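Peer 1: Pasting a structure here, questions to come.
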Amino acid sequence: MKTIKRFLEPTPIQYLGKLSGGQKLFIKRDDLLGFCFGGNKCRIGAAFLEDMEKLGADFMVSYGSRSSNLNRVVSALCRSQNIPCRILSSEEKGERDGFNAAMISQMGIERMPCSKEKVADTVSHTLQSLREQGFHPYYIYGNMYGKGNEAAARTAYRKAYREILDWQEQNQISFDAIFLASGTGMTQGGLLAGKWENGGREKIIGISVARDLESGVAGVRRYAGEGREDICFETEYRCGGYGKYDEEIEAGIRQMMEDNGIALDPIYTGKAYTGMLRWLKKQGEGMEHVLFLHTGGLPLYFDYLNSKVKEVRQ
Ligand SMILES: *Cc1c(COP(=O)(O)O)cnc(C)c1O
Numbered sequence: 005m006k007t008i009k010r011f012l013e014p015t016p017i018q019y020l021g022k023l024s025g026g027q028k029l030f031i032k033r034d035d036l037l038g039f040c041f042g043g044n045k046c047r048i049g050a051a052f053l054e055d056m057e058k059l060g061a062d063f064m065v066s067y068g069s070r071s072s073n074l075n076r077v078v079s080a081l082c083r084s085q086n087i088p089c090r091i092l093s094s095e096e097k098g099e100r101d102g103f104n105a106a107m108i109s110q111m112g113i114e115r116m117p118c119s120k121e122k123v124a125d126t127v128s129h130t131l132q133s134l135r136e137q138g139f140h141p142y143y144i145y146g147n148m149y150g151k152g153n154e155a156a157a158r159t160a161y162r163k164a165y166r167e168i169l170d171w172q173e174q175n176q177i178s179f180d181a182i183f184l185a186s187g188t189g190m191t192q193g194g195l196l197a198g199k200w201e202n203g204g205r206e207k208i209i210g211i212s213v214a215r216d217l218e219s220g221v222a223g224v225r226r227y228a229g230e231g232r233e234d235i236c237f238e239t240e241y242r243c244g245g246y247g248k249y250d251e252e253i254e255a256g257i258r259q260m261m262e263d264n265g266i267a268l269d270p271i272y273t274g275k276a277y278t279g280m281l282r283w284l285k286k287q288g289e290g291m292e293h294v295l296f297l298h299t300g301g302l303p304l305y306f307d308y309l310n311s312k313v314k315e316v317r318q
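Here the sequence shown is numbered in this note's numbering, starting from 5 and rising by one per residue.
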């Protein structure tokens with residue numbers, strides 16, 4: 005595990021500028037984590053591998069969408085550690101491989117289609133057959149229903165919160181809010197756990213990329229563990245659901261690249277960034293310092309560009 009930890013140095017927090025509402029905007033660059041194109045899944049994937057090692061398991065089973073950043077990073081981590089790995093990939097009809105899926109294939113990792121309706125069955129069969137072959141498999145989300153590994157996932161962003169806290173102390177700046185793209189809640193939940201543990205005062209505001217309020221909050225709560233506070237999970241900026249985006253999000257992506265040379269993608273970071281700007285316009289009065297957590301997902305930026313290139317060619 006030494007080789008993985010080496011890539012998980014604290015990531016920089018950079019000043020981006022002043023917003024029209026007067027708030028100073030900073031960005032934490034988890035897109036710059038130095039392993040296989042970075043992103044929050046580097047921290048989370050490394051936490052899972054550590055957990056797996058602790059349990060003495062020897063075969064990794066991961067699950068995610070066809071364009072999953074988690075599956076890409078977990079595949080690469082397992083390759084680098086010589087851990088056999090199988091990817092269960094939920095694939096929509098007509099969907100084509102993006103760069104994440106292509107990288108997984110390139111690494112020679114086995115990818116099995118798994119319909120969203122049959123995840124528990126597929127996981128259960130996969131684990132069973134691996135056990136029969138003499139392996140001790142590790143399913144990244146815990147049991148066949150995807151429960152049980154919350155504590156392992158939590159450690160990743162609980163630690164990252166500490167980095168944010170240290171930076172604030174060193175720079176004598178305190179953030180009023182931290183914004184991020186929120187999906188399953190592993191990242192937001194971890195940050196909240198860190199905040200509660202350290203007595204932090206900033207709001208941690210998840211911009212939903214897909215889930216509705218009820219399932220989103222339930223996810224964050226599950227990963228955060230015991231806590232005393234309401235969870236900020238904003239569902240207004242979903243733009244119709246997972247993977248959907250509009251011109252405003254596209255404009256935000258373009259602007260960020262032009263102003264700062266930073267890539268955002270339309271599924272996670274671009275959606276969350278634009279959502280944050282709208283949130284701040286509406287209710288950000290009185291906030292002085294805000295932090296946007298860049299959760300990575302760079303291959304999705306290239307998928308997006310690729311779709312643009314194709315549009316032009318057609
Ligand atoms: C997975 C992912 C998220 C969402 O993280 P969760 O922990 O599932 O809420 C956000 N941004 C990017 C780029 C991701 O890959």
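Positions of the beta carbon are idealized from the N, C-alpha and C atoms, including for glycine.
Small disclaimer: the values here were computed from a predicted structure and weren't measured.
Three-state secondary structure (DSSP) at S109?
Peer 2: Counted from its first residue, the sequence shown places residue 109 at position 105. Helix, per DSSP.
Peer 1: Pick from F237, L268 and Y249: whose alpha carbon is nearest that of W283?
Peer 2: Numbered from its first residue, the sequence shown carries residue 283 at position 279. Considering only alpha carbons, the answer is F237.
Peer 1: Give me the Cα-Cα distance between A155 and E121, rounded to the nearest whole angstrom.
Peer 2: As a first step, residue 155 must be located in the sequence shown, where it is residue number 151. As a first step, residue 121 must be located in the sequence shown, where it is residue number 117. Each residue's alpha carbon lies about 26 Å from the other.
Peer 1: So does S66 have its beta carbon nearer than 7 Å to some heavy atom of ligand 1?
Peer 2: Stepping through the sequence shown from its first residue, residue 66 is reached at position 62. Result no, Cβ not under 7 Å from ligand 1.
Peer 1: Drop a sphere of 10 angstroms on the beta-carbon of H129, count the other beta-carbons inside from all chains shown, and report buried for 16 or more, exposed for fewer.
Peer 2: Counting from one through the sequence shown, the residue named residue 129 turns up at place 125. Counting Cβ neighbours within 10 Å, H129 comes out exposed, since fewer than 16 surround it.
Peer 1: Helix, strand or coil for M148, going by three-state DSSP, please let me know.
Peer 2: As a working note, residue 148 is residue 144 in the sequence shown. DSSP places M148 in coil when its eight states are reduced to three.
Peer 1: Rounded to a whole number of angstroms, what is the C-alpha to C-alpha distance between S94 and S133?
Peer 2: As a working note, residue 94 is residue 90 in the sequence shown. As a working note, residue 133 is residue 129 in the sequence shown. S94 and S133: Cα-Cα distance of roughly 20 Å.
Peer 1: Out of G194, K248 and P16, point me to the one whose CA is closest to Q174's CA.
Peer 2: Start at 1 with the first residue of the sequence shown, and residue 174 comes out as number 170. For Q174, the nearest C-alpha among the options comes from P16.
Peer 1: Curious, which full-length alpha helix (DSSP H) runs of at least 4 residues does the region 65-130 contain?
Peer 2: DSSP runs (the alpha helix (DSSP H)) wholly in the region 65-130: 73-85 and 103-110.
Peer 1: Verify the contact flag: Q287, CB atom, against every heavy atom of ligand 1, threshold strictly below 7 Å.
Peer 2: To locate residue 287, count along the sequence shown from 1; it is residue 283. Not so, every heavy atom of ligand 1 lies at least 7 Å from the Cβ.
Peer 1: Would you call M261 buried or exposed, if buried means 16 or more other Cβ atoms sit within 10 Å of its Cβ?
Peer 2: Sequence index remark: in the sequence shown, residue 261 carries index 257 (1-based). By the neighbour-count rule (16 or more Cβ atoms within 10 Å), M261 is not buried but exposed.
Peer 1: So S66 and L92 are supposed to be a Cβ contact under 8 Å. How far apart are they, rounded?
Peer 2: As a first step, residue 66 is located in the sequence shown; it is residue number 62 there, counting from the start. As a first step, residue 92 is located in the sequence shown; it is residue number 88 there, counting from the start. The Cβ separation is near 7 Å, so the contact holds.
Peer 1: Looking only at its chain, what residues have a beta carbon closer than 7 Å to the beta carbon of M111, apart from the 5 residues adjacent to it on each side?
Peer 2: Position 107 of the sequence shown, counted from the first residue, corresponds to residue 111. S79, A80 and R83.
Peer 1: What's the C-alpha gap between A185 and E136?
Peer 2: Residue mapping note: residue 185 aligns to position 181 of the sequence shown, counting from 1. Residue mapping note: residue 136 aligns to position 132 of the sequence shown, counting from 1. Cα-Cα distance, rounded: 39 Å.
Peer 1: What do you get for M56, buried or exposed, if any count of 16 or more other CB atoms within 10 angstroms of its CB means buried?
Peer 2: Here residue 56 is taken as the residue at index 52 of the sequence shown, counted from 1. Buried: at least 16 other Cβ atoms inside 10 Å.
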